[in-house]
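Under numbering that gives the first Met the number 0, the sequence shown has 44 at position 45, and the numbering climbs by one with no breaks.
Encoded as C-alpha cells, the structure appears first; notes follow it.
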Amino acid sequence: MEGSRATSGGDLLRLAAGGLLLLGAVSPATGQTVVGGDVRVFAFRVLEATDLAGDAEPAEGNGAAAGAGGVELGILRLKLDSRWQASSGNRFRFELHGLAQATSPPGSGAVTSIATGGTRRFFDLERDSFSGGDVAGTTEIDRLNLRWDRPGFRMVVGRQAITWGVNYFWPVLDLFAPFAPQRIDRDYKPGVDALRFTVPVGDFSEVEVIAAGQGTRTPDDLSFASLGRFHSELGEGPSSVDFGYMVGGFHRDLVLGGFFSADVRGTGLRGEVSWTSPGCDAESTHPVFGCGDFWRVTVGVDRLLTPRLTLIAEASWNGFGAGGPADYARLAEADRVRRGEVVSLGRRYAGISLGWQAHPLLTISGAVLYNRDDASALFQPGITWSLSDHVSIGAGLIGSTGRGVRDGVLGSEYGAVPIVAWSSLTAYF
0 MEGSRATSGG
10 DLLRLAAGGL
20 LLLGAVSPAT
30 GQTVVGGDVR
40 VFAFRVLEAT
50 DLAGDAEPAE
60 GNGAAAGAGG
70 VELGILRLKL
80 DSRWQASSGN
90 RFRFELHGLA
100 QATSPPGSGA
110 VTSIATGGTR
120 RFFDLERDSF
130 SGGDVAGTTE
140 IDRLNLRWDR
150 PGFRMVVGRQ
160 AITWGVNYFW
170 PVLDLFAPFA
180 PQRIDRDYKP
190 GVDALRFTVP
200 VGDFSEVEVI
210 AAGQGTRTPD
220 DLSFASLGRF
230 HSELGEGPSS
240 VDFGYMVGGF
250 HRDLVLGGFF
260 SADVRGTGLR
270 GEVSWTSPGC
280 DAESTHPVFG
290 CGDFWRVTVG
300 VDRLLTPRLT
310 LIAEASWNGF
320 GAGGPADYAR
330 LAEADRVRRG
340 EVVSLGRRYA
350 GISLGWQAHP
360 LLTISGAVLY
370 NRDDASALFQ
380 PGITWSLSDH
390 VSIGAGLIGS
400 TGRGVRDGVL
410 GSEYGAVPIV
420 AWSSLTAYF
C-alpha cells in the first residue's frame, strides 16, 4: 500500500511539472504569471517546563523536554500563480505552492505546533527530505489546483485552501483543516485535496458543493458537503447580515449546521452551530464518548474600540468535549481530535483578543483562552514590527495557569502547557 501511495505522489509531481511547461506553451498573451514566495523563521525557548509532580522525570516525548534547549523552525514557500482568459467568459487560474520545512531539534512538534501544522490528505505529496542529529526537514506540494470561472459557476479541482465558519478561535463549521485556537501564525492554511463547485445565487450570495479526500482510507475519509451563503442589507443604514446553512457527510459523520455574520453599526456579530450524528460502528466506538449525537456552538463579537484598538471575543460549547480532566488523555486519542476537526478537549470556552496599533509599523496584541470546565487559561501576548513592505519581525510569550500533570494525569488542559518565548522573522518576495 505504501509503495502505491509513493508512486501516486511521484506521478502527481511529474504532472505538476508538465503542467507548468504546458502553461508556458499555451497561455495567451493576455495571461499573467506571478512567481513569488515567503520565508518564515521561528525561534522558541521553553522558559519553564511543565510541572510533572508525581513523575520521576519528564517523558521522552514531552514537548517541553524536546524544546528545553531551544527550538528553531524554518519554512520556505515558493508560489506560482498563473491566470489567463481562454475565450469570452472562460477564465482560468493555475496555482502551485511548494513548501520546505526544517526543524531543530527533530521531534519538537509539541512546541512548533503553535506556528505551523498540517492536515490529512488523499494524495501523498510530502517527503522526508533530510534528517541529521540536530535537524529534520520535509518538502511537500501544498497547493496544486486549477480554477475555472464562468459567469454561472466557479470550479476548483486539486489541492486548495478551504475555509468555512465565521469565528476566529472556535469555528465549528470549518471541518477542513481548521486552525487551533492558540495558533500564532494564521497567514497560510494547509491545502485540502478536493473538488469545489460554486454557483452564485445573488449579490454576495452563493451555494458551494465540495467533495474532498481528507485521508487515505476510502470511504472513511471521504467528505461531501454543501454550504450556502446569503447576504441581506439591514435597513438603510451601514448594516448587513450574511447567513447560511451547512450539510454534509464528513468521515462517515452526518453534520448539519448554520451560521450568521452581521455588521451592526460597526460591531461584528457572529454565530455558528453544528449538530453531528456519528457514523461509527462497534469497532470505532470511543470507549468514553461512544457514538452519541453532539452539538457544537460558537458566538462572537468584534469591534473597533478606537481607531487603533480592536477587540475579538468568543464563547464556545463543544459537545464532544470531556466533562473533566480525567478523560482528557483518552479524548486526545479520538480520531476527531487527531485529525484536527475538534481542536479543544473541554466543553465550555471563552476567548478574547485585543490588538493595538501603537505605531503605523508596530502592533501589540494579546489573547486569553479560558477553559471554564477546569479553570485553566492560556495567555498569548505578542508584538509585530514591520521593517518594510516585505519584511516583519515578531515576538511573544505563551503562558498558562491551571493544574499541571499529577502522576501522569492531566490536571487541566492549559495548566500543562510550558511557558514558551518565541520570536519570528517573515519575508515576502
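Each residue gets a CB set at the ideal place from its N, CA and C atoms; glycine is no exception.
Judged by DSSP in its simplified three-state form, Pro-199 adopts strand.
Ranked by Cα distance from Ser-103, the options Asp-186, Arg-402, Phe-129 and Gln-84 are led by Phe-129. Between the beta-carbon of Pro-180 and that of Ser-343 there is about 7 Å, and that keeps the pair under the 8 Å contact cut. In the DSSP assignment, Asp-334 falls within the unbroken alpha helix (DSSP H) covering 334 to 337. Within 10 angstroms of the beta-carbon of Ala-193 lie 16 or more other beta-carbons, which makes it buried. Contact annotation: Glu-47 and Pro-170 have beta-carbon atoms that are not nearer than 8 Å. Taking 8 Å as the upper bound for CB-CB distance, Gly-354 and Thr-309 are in contact here, some 4 Å apart. Distances from the alpha-carbon of Gly-236 to those of Gly-267, Ile-351, Val-263 and Ile-382 put Val-263 closest. Arg-153 is not a Cβ neighbour of Leu-95, given a cutoff of 8 Å. Relative to the Cα of Asp-373, the nearest Cα in the group Ile-363, Ser-399 and Val-390 belongs to Ser-399.
A straight line joining the alpha-carbon of Leu-368 with that of Gly-36 spans about 32 Å. For Val-240, the uninterrupted beta strand (DSSP E) run begins and ends at 239 to 249, by DSSP. Taking 4 residues as the minimum length, the alpha helix (DSSP H) runs contained wholly in the segment 289 to 333 are 327 to 331, in order along the chain.
Counting every other CB atom within 10 Å of its CB across the protein chains shown gives Glu-313 a total of 16 or more, marking it as buried.
Of all alpha-carbon atoms in Arg-39, Thr-137, Leu-172 and Arg-335, the one lying nearest the alpha-carbon of Asp-184 is that of Arg-39. Its chain contains Trp-355, Ala-357 and Ile-382 as the residues whose beta carbon lies nearer than 7 Å to that of Ile-363, once the 5 sequence neighbours on both sides are disregarded; these appear in chain order. In this structure the segment 131 to 145 does not touch the segment 108 to 115; the number of beta carbon pairs closer than 8 Å is below three. Rounded to whole angstroms, the gap between the alpha carbons of Pro-199 and His-230 is 11 Å.
Between Pro-306 and Ala-211, the alpha-carbon positions lie close to 41 Å from each other. The three-state reading of DSSP puts Ala-109 in helix, counting H, G and I together. Taking a C-beta distance under 8 Å as the contact criterion, Thr-138 and Leu-72 do not qualify as a contact pair. Remark: C-beta atoms of Ala-176 and Val-165 do not approach each other more closely than 8 Å. Between Ala-394 and Gln-379, the C-beta spacing is not below 8 Å. The shortest CA-to-CA distance from Gly-234 to any of Ile-209, Ala-261, Val-208 and Pro-218 is the one to Ala-261. For Gly-395, the enclosing beta strand (DSSP E) covers residues 390 to 400. Ranked by Cα distance from Trp-163, the options Ala-224, Asp-148 and Val-33 are led by Ala-224. Distance between Gly-247 and Ser-238, taken at the CA atoms: about 31 Å.
For Gly-401, the closest of Val-34, Ala-415 and Ser-391 by C-alpha to C-alpha distance is Ala-415.
Under the DSSP assignment, Gln-84 falls in the beta strand (DSSP E) whose first and last residues are 70 to 86. DSSP places Arg-346 outside both helix and strand once states are collapsed to three, so it counts as coil.
The straight-line gap separating the alpha-carbon atoms of Ala-101 and Gly-88 is approximately 43 Å. Within the segment 93 to 147, the complete beta strand (DSSP E) segments at least 3 residues long are 125 to 130, listed from N- to C-terminus.
Membership of Ile-183 in any beta strand (DSSP E) is not indicated, and neither H nor E is assigned to it by DSSP. Collapsing the DSSP output to three states places Phe-175 in coil. Its Cα nearest to that of Pro-150, the residue Ser-86 stands out among Asp-326, Tyr-244, Ser-86 and Ser-423. Assignment of Arg-269 by DSSP, reduced to helix, strand and coil, places it in the strand class.
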